[in-house]
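A.B. asks: Here's a structure for you.
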Amino acid sequence: MKTVLTKIKGVTPLLMHRFPMAGADDTSKKRTGVPDWKAEAELALYKDDHGQIYQPASHIEASLKEASKTLKIPGKRGATYSKLIGSAVSVSPDAITHLVQDYEIDSRPVVVQKARIVRYRPVFKDWELEFEINIGDDQIPIEVIKQALDHAGLYVGIGDFRPGRGG
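Here the working numbering is used: the sequence shown runs in plain steps of one and ends on residue 243.
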């Protein structure tokens, strides 16, 4: 197994929107029924037990797998690295701490169940992540992982407002 220490830096803002956990208190509205935009944005953050903001490793893994669909395996008649990377590449730790913990609150209209509402989410203007990529198959050269990372950064992205989603 090969391990590659990796550091990525965002060139565009990262919009975060964590799926609300079942049973979590909905503090996004004050008692008056007026939306509390700070609380709504706070609920959308991925935070660990120590209050540190993190990015799930699964976001990086999914981005790598999607990006590797464009990378052909030499001598395999059109086969790509997608399945190999999906099964033999992992990212650790599971919760990748953001090196820059500062964020702003983004507000924009979104459509939820055919209704247009204003959604408040954290956006990171300058963000960096440092993590390990574990390669469990010798058929995957490190250069292919680098190409997949580059392609993922330019065309796939992570978070809510990424290139594939119009961001």
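Where a beta carbon is used, it is the ideal one built from N, C-alpha and C, also for glycine.
(1) Pick from I136, Q128, G162 and A115: whose alpha carbon is nearest that of E208?
(2) On the criterion of 16 or more Cβ atoms from any shown chain inside 10 Å, does D182 qualify as buried, or is it exposed?
(3) Taking its Cβ as the centre, do 16 or more other Cβ atoms sit within 10 Å of M77, making it buried, or is it exposed?
(4) What's the C-alpha gap between I221 and G229?
(5) Alpha helix (DSSP H) containing A143: first to last residue?
(6) Give me the Cβ distance between I84 and E204, rounded to the nearest whole Å; I'm assuming they're in contact under 8 Å.
(7) Do the CB positions of A117 and R197 come within less than 7 Å of each other?
(8) Exposed or buried, which one is R192 when buried takes at least 16 other CB atoms within 10 Å?
C.D. replies: In terms of the structure at hand:
(1) I136
(2) buried
(3) exposed
(4) 12 Å
(5) A133 to A143
(6) 7 Å
(7) yes
(8) exposed
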